[in-house]
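Peer 1: First the structure, which I've put down as structure tokens, then a few questions once you've had a look.
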Amino acid sequence: MGSKKFLLGIFGDEDVLLEGVPAIREKGIKIYDVFTPFPIHGLDTAMGLRESKLHIAGFIYGITGTSIALGFMTWANTFDWRVNFGGKPFWSWPAYIPITFELTVLMASAGMVATFMYLCRLAPGVQKHIMDLRQTDDKMVVAIEIDEHTDVNNLTSILKSSGAEEVNTKVIDDWYRYKIA
Amino acid sequence: MSFKESALREPLVEGNKSYKDVTNDITNSIFGTPTKGWFVAFGLSVALLLYGVFCVTYFVYYGIGTWGSNKTIGWAWDITNFVWWIGIGHAGTLISAILLLFRQKWRTGVNRAAEAMTIFAVMCAGVFPVLHMGRVWMGFFILPYPNTRGPLWPNFVSPLLWDVFAISTYFSVSLMFWYTGLIPDIATIRDRAKKIWQQKFYGALSFGWTGSAKHWQRHESLSLVLAGLSTPLVLSVHTIVSFDFATSVIPGWHTTIFPPYFVAGAVFSGFAMVQTLMLMTRKLLRLEEYITLSHIDSMNRIITLTGSIVGCAYLTELFTAWYSGALYEQYAFMNRALGPYWWSYWGMMLCNVVSPQLFWSKKLRTSIFWTFFLSIVVNIGMWFERFVIIVTSLHRDYLPSSWNMFSPTWVDIGFYLGTFGLFFTLYLLFAKYFPVIAVAEIKHVLKTTGNTPAREAELKAIMDKAAAVDAA
Amino acid sequence: MGHHNTEVDLNERFEFPAKLKNIAFGLMGVGLLAFLAGVFISHDSTRTLAVMLQNGLFFMLITLISTFFIAIHYMANGGYMVALKRIPEAISQTMPIIALFVFGLIAYIILGKRNDIFIWLNIPAIKNAEARELLEGKTGYLNVPFFIVRIIAYLTVWSFGVMQYRKFSLQEDAAPAGSMKNHINSRLFSGFFLVFFAVTISTSSWDWLMSIDAKWYSTMYGWYCFVSALVSGISLMMLVIQYLRNQGHLKAVTDEHVHDLGKFMFAFSILWTYLWFSQYMLIWYSNNPEETVYFRQRYDHYKVLFYLNLLMNFVTPIFVLMKNTSKRNSRVLVFIASVIIIGHWVDYYQMIMPGTVGNNWHIGMQEIGLPIFFVGLIIWRTFSQLEKAPLIPKNHPYLQESLHHHV
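One line per chain: the protein sequences are A, B and C, in this order.
Residues in the first sequence are numbered consecutively from 7, following my numbering.
Residues in the second sequence are numbered consecutively from 177, following my numbering.
Residues in the third sequence are numbered consecutively from 10, following my numbering.
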């Protein structure tokens, strides 16, 4: 790992970015990542990212919650310890619906949030390299990884012609460590 | 390609802002030292909170007998406050979840603060039933854990246990929803912070957010699903609270309209509280360009809508009590309106049914004074509603010898005041140290909803043309 | 993304194809014949009246929902649905016709003192003294003059609303571009219409549906009936839109609009389930005999429909529409919309029949024939109204928003 070098194209407008990104990719250039201060609809397709499958995970977590709640209450009230509540049947399914619903929602939400945090490597105290401090403010940063063989001048002009307002180089020495720039 | 918004729509961000302006306007107050006003408010809140802690300590030590509740009116002040606070919380989830479904863009200006309010209100609500247990240190008995008593499980058929699950789920999901939305904004603060402690503090809380495209994509997917889950969740919470009453056979409690009507009432009171807070926040933090009169107008419309639904429900209940031909049911409603607690019933009717109808007038809807005044009126009315439902239904027992009246003791009142202390302490801390407006979300809609000279010119052209054409 | 509206023709018109017209008349003819045959075979006027009441009310309410949909969009300043506004406008035009049918039918029942339909029409004939006394207590509301005043008020104001929105909309087309007058009038009218609608949609269902089981009561009943009609009404709009899109019309209505309507079908199905469950569970839980009798009868004698109701209106739409791709898939949407409409037709059937025909119910020629007739009627009326005006309300101030609508 060690040191990594990036060429950063700084964009100031999302509509320019949405047209610039496919233009850069058409030239056969691999975009490392794009950092933006707010979500930009259509950027994922422009970058050729796979669709997120997070919601499928959520569905599975939810179903798990449903089964646990229904299964547990059924087991507790009909097998483990039968109690007559107000003359109702031991297996009183209408009365199980509220808790079942709540547990479904809880497990789906908590599971999805945990999965999201894991996939994005987000956790309290984690520090990552920031390409450009303005990427959380008003600029969109297109990062392209470069090495000594890259034709930086050509790449710079491609970025500029695709709409980048400025082009900078960024060297990150200790790439293996998460740290604030 | 951007969405084309009609210039006829009132802009949601005034002042021709750039992205940088948005960042600065919303985060600047975080970096400065708090104002004098903030310290005064914070001091008062903490004092109230401490007084509440004192009252709670007092009654935990001496027992629930220090409350005004009695054998007939076993639920009174505490459950009224519990339902009231829970209801207030509902607006936050409604704004972030249901309004998302209905594509109401104005939600972006107020959702962050409203969600924070939800979380704090649920915390205030939660302490009432927990402390009503009496021996709070035995509170964990309500959880289904393998115990040495059999194991004897909690009663899954009881609505009170459903409440435990509903409130804790609601709190957890709201917290997760709120915090995942907050992460990108905390990263924005982190990258602007100058002081070391701020860099460390916001650095840790930002979870290492960079704004990567893939992360945003997942973030969007997560937010949508959480919004989708929160929509039925918010319905379920107040529904389950209403089940506490409606599953019983107490006249005035057992009525099938309770679930939707409680939800509407909750949203109604929640929006009123959002208005109260927002009117103060926009003034103190100088955010008038982000929380505009158009936002206030929209929220007042929701208040009128939900207030009218609640009004319809009151009348439905009243009508059906008569229509049912059930003697006890008829008496319960007669007693509400004409019995010893008539003032709370008519107070409720006046505040909840009559007062929101004033908002049919656009002038009042966009008046800061009237909005503020009526938002307080509505919250008083909604407190009365819960008091009417709980106390007036209970105080006339089936046995006339058990008939009784309720009046709160200083402990009851102190406990309630204490939750105000808790609520405002937390809200003031939040408003000072976190962005009260969702920075990234405002930027996301800025291009389509921000006001610009071009947009104003376009609006003027449309209106002039319409005036000319329609005059002809 | 948002590029699929390049080929939108703002003056696009729809021509009622002869084939579809024939289908509509065919359905009406076949349905009517089957109904009449069923009437003659069964020789049971109670059953016939109940079937007519069920179908008349159901189809009237689901076409009325279109007007509610328009009104709510005006009220909330909704922009994105403008491109498809002509569809609810056209569907709703059927409502006044069915309203005439409903009025005639109910007038016949009321004036004929048909206490086999509304038991409270002839209280002295009730043998049980307690029941007699109970119903006598309700005569302040359930009496013939007041009932007739109410039904006239509901039907006239609703029909007036239906026609008024159409009028404003057509005037807007004719007005010079840039005129806002009709838009503003529609908004103002919505305030009045929605207030009236909110109150009467509940009271009308007490009158026409809840009073069949006159001894029974439930405060939620009105809202339950409304949501049942609401989700079916939106499904009906979905069916018409899918037909037009499959015929190559309505380019302005994109997958995004359809997706949004699909979300409504999904969300309101959940809402319906929520109301169903809350009503059922509370009555089950409290176990008061005077309340449980309602579900007891349905569960014991209408068991198939009891479960079918939940299967068609809850399980199927929820699990199918949960996936995002199914809210954009024409075939799936047509299937689910049909399931929802039939499902809520079943719901209305099980509301009406136990209190009228009793435990001995059948689905025969008349039960199937009459809805077929109404479907034909709705097709004929909707599409002949669609033909009368361009498919796009080209002067609507929010049209551009709707044409550029994407997620």
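Virtual Cβ for every residue (Gly too), placed ideally from N, Cα, C.
All values derive from a computational prediction rather than experimental measurement.
Between which residues of its own chain and residue 410 of chain C is the CB-CB distance below 8 Å, once the five residues before and five after are set aside?
Peer 2: Counting only Cβ-Cβ distances below 8 Å, and skipping sequence neighbours, we find 88, 89 and 91.
Peer 1: For residue 286 of chain C, go through chain A and note every residue whose CB falls closer than 7 Å to its CB, in chain order.
Peer 2: 103
Peer 1: Can you list the residues of chain A that residue 352 of chain B reaches, using a CB-CB cut of under 8 Å?
Peer 2: 115, 116 and 119
Peer 1: Report the rounded CA-to-CA distance for residue 157 of chain C versus residue 489 of chain B, giving the unit in angstroms.
Peer 2: 24 Å
Peer 1: Below 8 Å on the Cβ atoms is my contact criterion, and I expect residue 353 of chain B with residue 397 of chain B to pass it. Report the Cβ-Cβ distance as a whole number of Å.
Peer 2: No, residue 353 of chain B and residue 397 of chain B are not in contact; Cβ-Cβ is about 14 Å, not under 8 Å.
Peer 1: Look at the alpha carbon of residue 379 of chain B and the alpha carbon of residue 357 of chain B, and state the distance between them as a whole number of angstroms.
Peer 2: 16 Å
Peer 1: Which word fits residue 178 of chain B, buried or exposed, when buried means at least 16 other C-beta atoms lie within 10 angstroms of its C-beta?
Peer 2: Bear in mind that the predicted position of residue 178 of chain B carries a pLDDT of just 47, short of 50, making it unreliable; the figure below should be weighed with that in mind. Residue 178 of chain B is exposed by the Cβ-count criterion.
Peer 1: Can you tell me whether residue 372 of chain B is helix, strand or coil according to DSSP?
Peer 2: Looking at residue 372 of chain B - three-state DSSP - the assignment turns out to be helix.
Peer 1: Give the list of continuous beta strand (DSSP E) stretches no shorter than 3 residues that lie fully inside the stretch 454–504 of chain B.
Peer 2: Counting whole runs of 3 or more residues, the stretch 454–504 of chain B contains no beta strand (DSSP E) stretch at all.
Peer 1: Determine, for residue 150 of chain A, whether the minimum Cβ-Cβ distance to residues of chain B falls below 8 Å.
Peer 2: No, residue 150 of chain A lies away from the interface with chain B (no Cβ there is under 8 Å from its Cβ).
Peer 1: Specify the secondary structure class of residue 159 of chain A as computed by DSSP and reduced to three states.
Peer 2: Here DSSP, grouped into helix, strand and coil, assigns residue 159 of chain A to helix.
Peer 1: How about residue 227 of chain B and residue 594 of chain B: do their beta carbons lie closer than 8 Å?
Peer 2: yes
Peer 1: Does chain B have any CB closer than 8 Å to the CB of residue 87 of chain A?
Peer 2: Yes, residue 87 of chain A counts as interfacial toward chain B.
Peer 1: Which residue from C:30, C:65 and C:139 puts its Cα closest to that of residue 502 of chain B?
Peer 2: The option with the nearest alpha carbon to residue 502 of chain B is C:139.
Peer 1: Helix, strand or coil for residue 83 of chain A per DSSP?
Peer 2: DSSP places residue 83 of chain A in helix when its eight states are reduced to three.
Peer 1: With a threshold of 8 Å between beta carbons, is residue 100 of chain A in contact with chain C?
Peer 2: Yes, because at least one Cβ of chain C sits closer than 8 Å to the Cβ of residue 100 of chain A.
Peer 1: Using a Cβ-Cβ cut-off of 8 Å, state whether residue 134 of chain A counts as contacting chain B.
Peer 2: yes
Peer 1: Check whether the Cβ of residue 613 of chain B lies closer than 8 Å to any Cβ atom in chain A.
Peer 2: no
Peer 1: Could you check what DSSP says for residue 369 of chain C in three-state terms: helix, strand or coil?
Peer 2: Three-state DSSP puts residue 369 of chain C in coil, outside helix and strand.
Peer 1: Going along chain B in order, which residues have a C-beta closer than 8 Å to the C-beta of residue 232 of chain C?
Peer 2: 433 and 436
Peer 1: On the DSSP letters alone, give me the boundaries of the beta strand (DSSP E) that residue 136 of chain A sits inside.
Peer 2: Run containing residue 136 of chain A: none; DSSP gives neither H nor E here.
Peer 1: Thinking C-alpha only, which one of A:70, A:99, A:140 and A:72 is nearest residue 84 of chain A?
Peer 2: Selected option, being the one with the closest Cα: A:99.
Peer 1: Quick check: the Cα distance between residue 373 of chain C and residue 100 of chain C, rounded to an integer number of angstroms?
Peer 2: 28 Å
Peer 1: Between the stretch 267–300 of chain C and chain A, which residues of the former have CB atoms less than 9 Å from a CB of the latter, in chain order?
Peer 2: 286, 289, 290, 293, 294 and 296
Peer 1: With a floor of 4 residues, list each alpha helix (DSSP H) that falls wholly inside the stretch 136–207 of chain C, ordered by position along the chain.
Peer 2: Runs found: 138–145 and 153–183.
Peer 1: So with CB distances below 7 Å, who are the chain B contacts of residue 111 of chain A?
Peer 2: 345, 349, 405 and 409
Peer 1: Any residues in the stretch 129–151 of chain C with a beta carbon nearer than 7 Å to a beta carbon of chain B? Which ones, in chain order?
Peer 2: 143, 146, 147 and 150
Peer 1: When we look at the beta-carbon of residue 505 of chain B and count the other beta-carbons within 10 Å, is it buried (16 or more) or exposed?
Peer 2: buried
Peer 1: Looking at C-beta atoms only, is the number of pairs between the stretch 566–582 of chain B and the stretch 427–435 of chain B that lie closer than 8 Å three or more?
Peer 2: yes
Peer 1: Pairing CB atoms from the stretch 357–375 of chain B with CB atoms from the stretch 201–209 of chain B, are three or more of them under 8 Å?
Peer 2: yes
Peer 1: Taking Cβ positions only, does residue 480 of chain B come closer than 8 Å to chain C?
Peer 2: no
Peer 1: What in chain C is Cβ-close to residue 736 of chain B, meaning under 7 Å?
Peer 2: The displayed coordinates of chain B run from 177 to 648. Any statement about residue 736 of chain B would go beyond what the structure contains.
Peer 1: With residue 547 of chain B and residue 472 of chain B assumed to form a contact (beta carbons below 8 Å), what rounded beta-carbon distance in angstroms separates them?
Peer 2: That belief holds up - the Cβ atoms of residue 547 of chain B and residue 472 of chain B are roughly 6 Å apart, short of 8 Å.
Peer 1: Output, in chain order, the set of chain B residues within a Cβ distance shorter than 7 Å of residue 40 of chain A.
Peer 2: Those within 7 Å of residue 40 of chain A in chain B are 389.
Peer 1: Report buried or exposed for residue 10 of chain C, applying the criterion of at least 16 other Cβ atoms within 10 angstroms of its Cβ.
Peer 2: Only weak support is given to the placement of residue 10 of chain C: the predicted model assigns it a pLDDT of 37, under 50, and the question is left unresolved by the model.
Peer 1: Which of the residues in the stretch 207–219 of chain C, read from start to end, lie with their CB under 7 Å from any CB of chain B?
Peer 2: 207, 208 and 211
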